[in-house]
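One structure is given below, encoded as structure tokens.
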Amino acid sequence: MLDIKFIRENQKLVEKAAKDKGIDYKPVAQVIELDKKRRELLAKVEGLRALRNKITRNDIEKGKEIKVKLKKIEPGLRKIEAEFKKVMLMIPGIPDKSVPVGKNEEDNKVVKTWGKKPEFSTKGGQGFKPKDHVELGKSLDLLDLKRGVKVGGFRGYFLKNEAVLMQMGIMQYAMNKLIEKGFKPMIPPMIVKKETLINTGHFPWGKADVYKTSDDEAGQNERFLAGTAEVPLVSYHANETLNEKDLPILYAGFSSCYRREVGNYGRDTKGVYRVHEFMKIEQVVICKNDMKESSEWLEKLSSYSEEMLQELKLPYRKMMMCTGDMGEPQIKKYDIETWMPGRNSYGETMSDSIMGEFQSRRANIKYRTKNNEVKFVHILNNTALASPRILVAIFENYQQKDGSIKVPEVLQKYVNKKILVKK
RNA sequence: GGAGGGGUCGGAUAGUGGUUAUUCCACAGGUUUGCUAAACCUGCGUCCUUUACUGGACUCGUGAGUUCAAAUCUCACCCCCUCCGCCA
Numbered sequence: 077m078l079d080i081k082f083i084r085e086n087q088k089l090v091e092k093a094a095k096d097k098g099i100d101y102k103p104v105a106q107v108i109e110l111d112k113k114r115r116e117l118l119a120k121v122e123g124l125r126a127l128r129n130k131i132t133r134n135d136i137e138k139g140k141e142i143k144v145k146l147k148k149i150e151p152g153l154r155k156i157e158a159e160f161k162k163v164m165l166m167i168p169g170i171p172d173k174s175v176p177v178g179k180n181e182e183d184n185k186v187v188k189t190w191g192k193k194p195e196f197s198t199k200g201g202q203g204f205k206p207k208d209h210v211e212l213g214k215s216l217d218l219l220d221l222k223r224g225v226k227v228g229g230f231r232g233y234f235l236k237n238e239a240v241l242m243q244m245g246i247m248q249y250a251m252n253k254l255i256e257k258g259f260k261p262m263i264p265p266m267i268v269k270k271e272t273l274i275n276t277g278h279f280p281w282g283k284a285d286v287y288k289t290s291d292d293e294a295g296q297n298e299r300f301l302a303g304t305a306e307v308p309l310v311s312y313h314a315n316e317t318l319n320e321k322d323l324p325i326l327y328a329g330f331s332s333c334y335r336r337e338v339g340n341y342g343r344d345t346k347g348v349y350r351v352h353e354f355m356k357i358e359q360v361v362i363c364k365n366d367m368k369e370s371s372e373w374l375e376k377l378s379s380y381s382e383e384m385l386q387e388l389k390l391p392y393r394k395m396m397m398c399t400g401d402m403g404e405p406q407i408k409k410y411d412i413e414t415w416m417p418g419r420n421s422y423g424e425t426m427s428d429s430i431m432g433e434f435q436s437r438r439a440n441i442k443y444r445t446k447n448n449e450v451k452f453v454h455i456l457n458n459t460a461l462a463s464p465r466i467l468v469a470i471f472e473n474y475q476q477k478d479g480s481i482k483v484p485e486v487l488q489k490y491v492n493k494k495i496l497v498k499k
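Oh and the first sequence: position 300 is 376 in our numbering, straight run, nothing missing.
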């Protein structure tokens, strides 16, 4: 959510942001129109209320008159305000100047490439045809997709044996890494209220991708399954006024994540690259309202993710998302894509964003500065590690000629093995 | 699921239909003062209006209702605490 005063004064700029992001820009004009009506009505209502407040008990007749007048106008005001709030939620965050304008992933910019892709079948390589993670997982009894679908339906999967240890090890490794960097570990609730998803900006835009529980009656107490720990962590401080001296606040959230993946029905149907439920450690930062500081955090959060990929020795590249490929709330966003030989391409494994005030205005999270001013905080989030997607990269990059998979050094203590072989 | 108690500013707290919602702590600014401390004064949330000064409205868990007037009365809902039941 943006400041209505800002929208009023920068209509063209806000409309351009929506257009660049490829979403509907008409709400901008609508919200300005609604705001105008709202203020007109508000002035009338407040004038009448002011009169009413002046009246003493001697002038009850006049009071009755005012009551009738107010009853005529107030419902209109309430209606306009409700509509105004609704349309306000459809105004996107404005991309930073450094963000390239573009339509889709083709317009994203590579800002960094790290690591050497493994050479399997090439001339100078090890001389074998690499397998993908599905084949590897099946032959080493790490992955059972067939029974996963039998039990859970489309995109269901069982992780087995060392894959279980590896996934849990990855979570623990990432959590420990972030604790080292000063993050507070959190396990948040993933069944959340509607407003929690509005606060992050997942609603209204991403509603279709979120599972809804069925335990509500007649639309009361709607609950949803959050797709990332970012959702509950952002609302952890909702409606609170923090103290500047307590900032920045760093949270490392562990959770299962639930995604319907509607609109992706035909995409990535093979294996466990795109699944309905997975585990993730997420980084969330709450800092001062200062673009310079939040930009620094964006780089730091990215460097933490990169550090982990480097320790896992997985080749990756860092992409700056263009306007058309970033989410509605975001100001600036990097994706990190990890090399996956089975796909013969890089696949997204991390997503690092500055949200600025967008989420803190929705969630009403402020802080008191040293000068006793009250401001909205800035919020950022980035993936630390998500699994099983990262297992895809590990299996495929670490496979050997004989069909075995080496265990990345940093994970060996969790798996208790250096190599996974056929039983 | 059942019974009872509660929700007032960042924290604590007073307030059973009528001026401006009380007080304390914390915090910020100011005055005084060799320094620090202390004392005192002012401020401390949201919105509207104004270039500004200012003026006004709202804010007592949420929403609706009764009333000229609601923190206070009525109804519904949410949350917290205590106890009982069920349960991994």
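We put the beta carbon where it would ideally sit given N, CA and C, even for glycine.
Which value, in whole angstroms, describes the spacing of the CA atoms of Y334 and Y287? Answer to the nearest angstrom: the Cα atoms are 7 angstroms apart.
| Three or more C-beta pairs below 8 angstroms linking the segment 439-446 and the segment 172-185 | no
Residue burial classification, Y422 (beta-carbon count within 10 angstroms, cutoff 16)
So Y422 ends up on the buried side.
**Prompt:** How would you call K300, buried or exposed, if buried means at least 16 neighbouring beta carbons within 10 angstroms?
**Reply:** Note that residue 300 corresponds to Phe in the displayed sequence, not to Lys. Classification for F300: buried.
What span of residues does the beta strand (DSSP E) with I99 cover, start to end? Premise fails: I99 is in no beta strand (DSSP E) and is neither H nor E.
Q: For R438, collect the residues of the same chain with a Cβ closer than 8 angstroms to its Cβ; drop the 5 residues on either side in sequence, then sort them by chain order.
A: Taking C-beta separations shorter than 8 angstroms and ignoring five residues to either side along the sequence, the partners of R438 in its chain run M77, L165, I274, N275, T276, G277, following chain order.
With a CB to CB cut of under 7 angstroms and the five nearest residues on each side skipped, what residues in its chain are close to V450? T317, K442, R444
_Count Cβ pairs between the segment 360-372 and the segment 382-396 that sit closer than 8 angstroms; are there 3 or more?_
Because the criterion of three Cβ pairs below 8 angstroms is not met, the segment 360-372 and the segment 382-396 do not touch.
*Whose CA, out of L461, N340, D96, lies closest to the CA of C576?*
Limits of the chain in this structure are 77 at one end and 499 at the other, which puts residue 576 out of reach.
Next on the checklist: To the nearest angstrom, how far is the alpha carbon of I83 from that of A94?
Outcome noted: Rounded to whole angstroms, the separation of the alpha carbons of A94 and I83 is 12 angstroms.
With burial defined as no fewer than 16 other Cβ atoms inside 10 Å of the residue's Cβ, what is the status of L89: buried or exposed?
exposed
Where do the ends of the alpha helix (DSSP H) carrying L377 lie?
Residues 367-387.
task = Could you pull out every residue in the same chain whose Cβ sits closer than 8 angstroms to the Cβ of K145, ignoring the five residues on either side in sequence?
result = L124
* Would you kindly check if the distance between the Cβ of L456 and the Cβ of M416 is under 9 angstroms? => Against a cut-off of 9 angstroms, the Cβ pair of L456 and M416 comes out as no contact.
In chain order, what residues of the same chain have a beta carbon less than 8 angstroms from the beta carbon of S197, not counting five sequence neighbours either side?
G203, F204, K205, P206
Give me the DSSP bridge partner(s) of E413.
R393, E424
Item checked: Contact set for Q406: own chain, Cβ-Cβ below 6 angstroms, skip 5 residues either direction -> G169, S429
Worksheet entry | Run of the alpha helix (DSSP H) containing I156, from where it starts to where it stops | Counting along the chain, the alpha helix (DSSP H) containing I156 begins and ends at 136-164.
Compare the beta carbon distance of V210 and K346 with 9 angstroms and say whether it is the shorter of the two.
-> yes
Which of the three DSSP states is assigned to H209 in this structure? helix
Original post:
Anyone know if the C-beta pair for T272 and A305 falls short of 9 angstroms?
Top reply: no
*asked:* Less than 8 angstroms between C-beta atoms, sequence neighbours within five positions excluded: which residues of the same chain meet that for Q386?
replied: W190, G191.
- Is F300 helix, strand or coil by DSSP? Three-state DSSP puts F300 in a strand.
- Task: Look at the Cβ atom of M426, then the Cβ atom of A469, and state whether they are nearer than 9 angstroms.
- Result: no
C-beta atoms of A239 and L218 nearer than 9 angstroms = Contact flag set, yes.
Query raised in the report: According to DSSP, is E122 helix, strand or coil?
Result: Collapsing the DSSP output to three states places E122 in a helix.
Checklist line | L326 and F259 closer than 9 angstroms at C-beta | finding: yes
Worksheet item: Helix or strand or just coil, what does DSSP make of R438?
Response: helix
Own chain partners of F471 with C-beta closer than 7 angstroms, once the 5 adjacent residues on each side are dropped: H209, L212, G213, I481
_Let me confirm a value: F330 is counted as buried when at least 16 other C-beta atoms fall within 10 Å, else exposed. Which label applies?_
buried
Excluding the five sequence neighbours on either side, which residues of its own chain have a C-beta within less than 6 angstroms of the C-beta of E433, listed in chain order?
Taken in chain order, the residues that qualify are F452.
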